[in-house]
Structures are given as structure tokens and as C-alpha cells.
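According to the numbering used here, the sequence shown is numbered sequentially starting from 646.
We put the CB at the ideal spot given by N, CA and C, even for glycine.
Just so we're clear, the structure is a prediction, and the values are computed from it rather than from any experiment.
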Amino acid sequence: MLGRGGRWLQRAGGAASAPHGAQLRFDGAVLRLKSGWELARGLLVFRLCGLPGLVRQAPMLLSVSRWLLGRWLWGSLLRASFYGQFVAGQTPPEVGVTVQRLRAQGLRPLLAVPIEEDVGQDKEGGRWGLGCECRGSDCVSPQRAVEAGVRVLVDAEYTYVNPALTLVTLALMGRWNRAKPWVWNTYQCYLQDCLARLGADVALAERRGFCFGVKLVRGAYLEQERRLERQGGYPDPLHPTWEATNHSYQRCLDLLLELVARDGQRCQLIVASHNETSVSHAVRRMEELGIAKDRGAVCFGQLLGMCDHVSLALGQAGYAIYKSIPYGAVEDVLPYLVRRAQENQSVLQGIRKERDLLRHELWRRLLRRP
Ligand SMILES: Cc1cc2nc3c(=O)[nH]c(=O)nc-3n(C[C@H](O)[C@H](O)[C@H](O)COP(=O)(O)OP(=O)(O)OC[C@H]3O[C@@H](n4cnc5c(N)ncnc54)[C@H](O)[C@@H]3O)c2cc1C
646 MLGRGGRWLQ RAGGAASAPH GAQLRFDGAV LRLKSGWELA RGLLVFRLCG LPGLVRQAPM
706 LLSVSRWLLG RWLWGSLLRA SFYGQFVAGQ TPPEVGVTVQ RLRAQGLRPL LAVPIEEDVG
766 QDKEGGRWGL GCECRGSDCV SPQRAVEAGV RVLVDAEYTY VNPALTLVTL ALMGRWNRAK
826 PWVWNTYQCY LQDCLARLGA DVALAERRGF CFGVKLVRGA YLEQERRLER QGGYPDPLHP
886 TWEATNHSYQ RCLDLLLELV ARDGQRCQLI VASHNETSVS HAVRRMEELG IAKDRGAVCF
946 GQLLGMCDHV SLALGQAGYA IYKSIPYGAV EDVLPYLVRR AQENQSVLQG IRKERDLLRH
1006 ELWRRLLRRP
């Protein structure tokens, strides 16, 4: 959930009022904001994610190493590596420390429940929980969230769950979004019917007079959806290629940005992507349409531990940027960590670039270059 924003403690003065894109470069210069330890841990984790055998066998390796090392040592090693990279902590004070660190870097927290098991699916399947801005331990009930001044983002899941999820979310929007978009829905652009469904829901919101909040993502269940489609023998609901998904993302983004430009109080958007092209496109269109970068009608979202060179650059340039922060005990978030490792290994171009930028920054410090 999004809501009252964080502060830009380390941001260059006046960034919020600077022109769009003027200070936005994804060249890794902002990695200077990270500690040496964070750089080294990121590099180690992304290197390990690059080993296909290790990632494939991760669940087995995790249980064997836990048995060999004992719970304490095993937990400590994970905390120093994967868990520390991708998870905010276990207890409220631990999560609080992560939130403070993010805020000090100009980033805002988006609390996420890392639920990875799904009824009717095998345990490899991932699920997203509800996202909400971190302002206490219990902010998932819409009523409590609205009372606390916090926005609730309902995640999108598998195609066989989404219609029910959307129905419930639209009903919540109709109930709670009369004056402001407190409840938001997620749209997955890898679905062929995404633009049509988005258009229909926007029209419904206009007809019924409720405000509309959108989290725009590409979609996280590519392999599982394709497997279900093969098993079920029904037409593939997904776009056939990454390029087609990118095109779909851009069309949805353009539609939403125009709606925000028309009325940024009633329609709001989070560009939830690590893709530099999408982020740059959003920034450019915001400038062309006159959408303020720091009012929160359009904000950006990335996962904790991923694409920090993009998140930090956005934060330092004055954009509203949220990091999705999962939390929980080491044992409970293992499936989430395995999925992060798998995702980092495959398609995400940004991760390869991030690894190079982390290495470059680490060498710069070691060689004491300016
Ligand atoms: C803050 C945040 C919240 C999120 N919430 C959700 C959520 O609620 N529900 C959800 O499903 N996901 C969610 N995601 C994950 C998101 O859907 C993507 O899986 C992830 O962000 C990678 O996409 P990208 O745009 O960042 O990067 P990119 O690397 O540019 O894109 C990768 C994505 O492109 C698509 N793709 C890749 N190859 C193909 C192909 N051959 N054919 C078709 N499409 C392809 C897939 O969707 C893949 O995930 C969230 C992500 C963030 C950052």
C-alpha cells in the first residue's frame, strides 16, 4: 500500500522540483549510497543465482545444508546472504531497521506477505500477498487500512483465481474508493486480454463513480500458466513473446498515464517493474503529460534487493519509489527466496546489468578511485 510518503534524506536538494528525467541515469552512480557490505552481498547473491545447477537444486541443497550445519549456523548464513538481500526481517523491530535504511536512501516501503503456496497447485507455484505501506503490523483489512490512512494493493495471481480476485477487489473499490483510491487492483500485461479488461474496469469505475488505483505488472507466473495451459488443453492466455508482453505493458501504461493526467486524484498508478525501458517511458510520458513526479499519483515499485540502481536513481531524482518488502522467519520465506533465485537467473536483463554495476562500484572503492 502506498500512502503518506517517506522523506528523501539523502536526496540531492531540490530534486523533487527538478525537471523530469533531468537527473535520471541508470548508470550505477547511485550505488555509492550503498554500504560496502551491501555491495559485496549483492554481488555474491547474484553470482550464486547465475549458477544453474545450484538454483535448480536449491530446495534440496537448503534442506541438506540445514541438516549438516544445524539450524543456527544455517540461519545465520542465509541471513548474511539471500535472506538479507531479499527479505526485510522477521520481527517488527527488524523490519523497522530495514524501513529506516530504505527511507534514508530515498525509498518507501511496500509491505508484502510472501505467501508461496497455493491451493490446487504444487509448491513451486508462487503467490503474491497483499501489499501495503508499512505503518504497523496489521493493515490488510481495507477498513483498518483506510482508517489508518494506508492504501491496500491486491495482487494478481493465476488466471484461474484472477476473475474472483478482481470481482472482490472491484467490490472493495466501490465500497472504499469514493473519495480516494485506497484499494488498488493489479493488472498483468502478459495476459492477452489485459488491455481490454483494464479498459472495462476503468469504464466501470467511471460509471459507478469510484476512484481507481492500479498496480501495473508484466506477470509472475509465466511458466506455471504455460504448464496449466498444456495440461488443460485450452488456448494460451499469455502473449507469445516477451516483446509482445512489453508492447502490452506500454499500451496499458499509456492508457493509465492519460487517465492520471486527466484526474490524478481519482486515478493513480504504480509502475511495478524493473524494466528500464518501461520506467524511462513512464518518466518521459509523465513529463509530456505534465504529471508531477512527487505527488504520488504515479509512483514506481521494485522488489527489495533487486534493481537498486533503478530504484535509487528514481528516488534521488525525486520520484515516488516503493520497495516491496517481504518479511517472515527464514524457514517461512524459503520458497520466496528460491523463486527470487530462479527469477534472477532467467530473463531479467536488469539483473545482469546490476551485477556489473555492483562489481564496478566495489572495485572503484577498493582501488580508491574518485
Ligand atoms: C512491486 C512489485 C509488485 C509485483 N506484484 C505482482 C503481482 O501482484 N502479481 C504478479 O503476477 N506479479 C507481480 N510482480 C512481478 C512482475 O509481474 C514481474 O514478474 C517482475 O516484475 C518481472 O517483470 P519486469 O517488468 O520487472 O521485468 P522484465 O525482465 O522486463 O520482464 C520479465 C517479464 O516479462 C514477461 N515475459 C518474459 N518472457 C516472456 C515470454 N516469452 N512471453 C511472454 N511474456 C514474457 C514475464 O511477465 C516476465 O516476468 C510484481 C513486481 C513488483 C516489482
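In summary, valine 709 is exposed, with fewer than 16 beta-carbon neighbours lying within 10 Å of its beta-carbon over all protein chains present. Cβ neighbours of arginine 1000 within its own chain (closer than 6 Å, five residues either side excluded): Phe691.
For the pair glutamine 910 and cysteine 944, the Cα-to-Cα distance works out to about 13 Å. Remark: the C-beta of threonine 831 is in contact range of ligand 1, defined as less than 7 Å to any heavy atom. Counting along the chain, the unbroken alpha helix (DSSP H) around proline 697 starts and ends at 697–701. If you check the CB distance, leucine 836 and leucine 883 come in under 8 Å. A distance criterion of 7 Å places the beta-carbon of aspartate 800 in contact range of ligand 1, judged by its closest non-hydrogen atom. Counting along the chain, the unbroken alpha helix (DSSP H) around glutamine 876 starts and ends at 867–877. For the 8 Å CB-CB criterion, tryptophan 829 and valine 799 form a contact. Of the residues assessed, glutamine 913 falls on the buried side of the cut-off, its CB having 16 or more other CB atoms within 10 angstroms.
DSSP links phenylalanine 945 through a beta bridge to Val916 and Ile966.
A distance criterion of 7 Å places the beta-carbon of glutamine 947 in contact range of ligand 1, judged by its closest non-hydrogen atom.
For tyrosine 832, the uninterrupted beta strand (DSSP E) run begins and ends at 828–833, by DSSP. Proximity of the segment 855–866 to the segment 799–816 meets the contact definition, three or more beta-carbon pairs being nearer than 8 Å. The C-alpha of tryptophan 1008 lies about 8 Å from the C-alpha of arginine 1014.
Within the DSSP secondary-structure output, lysine 860 pairs in a beta bridge with Thr831 and Ile915. When DSSP reads this structure, proline 971 sits in a beta bridge with Ala757. Taking the C-beta atoms as reference points, cysteine 952 is found nearer than 8 Å to histidine 919. With a cutoff of 8 Å on beta-carbon distance, alanine 958 and arginine 711 are scored as not near each other. Of the other Cβ atoms in all chains shown, 16 or more fall within 10 Å of the Cβ of alanine 927; this residue is therefore buried. Pairing glycine 973 with proline 759 gives a Cβ-Cβ distance under 8 Å.
When the beta-carbon positions are compared, isoleucine 996 and alanine 733 stay at least 8 Å from each other. Remark: the C-beta of glycine 695 is outside contact range of ligand 1, defined as less than 7 Å to any heavy atom.
Looking from the CA of glutamine 702, the closest CA among Ala986, Glu933 and Ala942 belongs to Ala986.
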